[in-house]
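Colleague: The sequence shown maps to residues 744 to 849 in the working numbering.
C-beta: ideal position from N, C-alpha, C; glycine also.
On a predicted model such as this, the values are computed, not experimentally measured, just so you know.
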Amino acid sequence: MTRYRVMAYVTGVLLIVLCFVAVPVKLFAHNGVLSTAVGIPHGMICYPLYLLTAFDLYRRVRWPLGKMVLVVLAGIIPFLTFYVERRVIAELRERTAPAPSADATV
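#1: Using the three-state DSSP reduction, which class does G775 fall into: helix, strand or coil?
#2: Whole angstroms are fine: how far does the CA of G775 sit from the CA of L813?
#3: Could you give the first and the last residue of the continuous alpha helix (DSSP H) run that contains M811?
#4: May I have a chain-ordered list of the alpha helix (DSSP H) segments no shorter than 4 residues that lie completely inside the stretch 751-795?
#5: Flag this pair as yes or no: are the beta carbons of Y747 and F825 separated by less than 9 Å?
#6: Tell me the residue span of the alpha helix (DSSP H) that contains R838.
#7: Name the residue from P821, I759, T839 whose alpha carbon lies nearest to the alpha carbon of R803.
#8: Since G782 and L816 should fall inside the 8 Å C-beta cutoff, what is the C-beta to C-beta distance between them, to a whole number of angstroms?
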């Protein structure tokens with residue numbers, strides 16, 4: 744779960760920087776240094792690691808394939824990574840929370 748959270752945040756932050764800072768600088772200032780510096784690590788290192796951690800999480804919690812596809816697609820839409828990460832973590836915490844005992848209700 745921690746690996747997925749870290750990769751979701753790293754992928755999400757790099758994607759936001761790429762889409763909202765680096766690409767506009769490249770288009771309007773005609774300077775592609777930042778887009779190259781952010782785009783290559785995001786595309787060649789971070790996103791593949793995000794895919795691997797999402798697949799590992801899918802395998803461990805035995806999600807349906809459709810849910811895993813949605814988690815993977817969240818990594819390519821700015822800001823959606825953070826929303827999906829919160830939902831996934833909340834679901835996993837709910838799933839692993841101990842059931843309330845009968846004594847606690849008395």
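Modeller: Let me lay it out:
#1: coil
#2: 31 Å
#3: 808-817
#4: 766-772, 776-784
#5: no
#6: 823-839
#7: T839
#8: The pair is not a contact, with the Cβ atoms about 19 Å apart (cut-off 8 Å).
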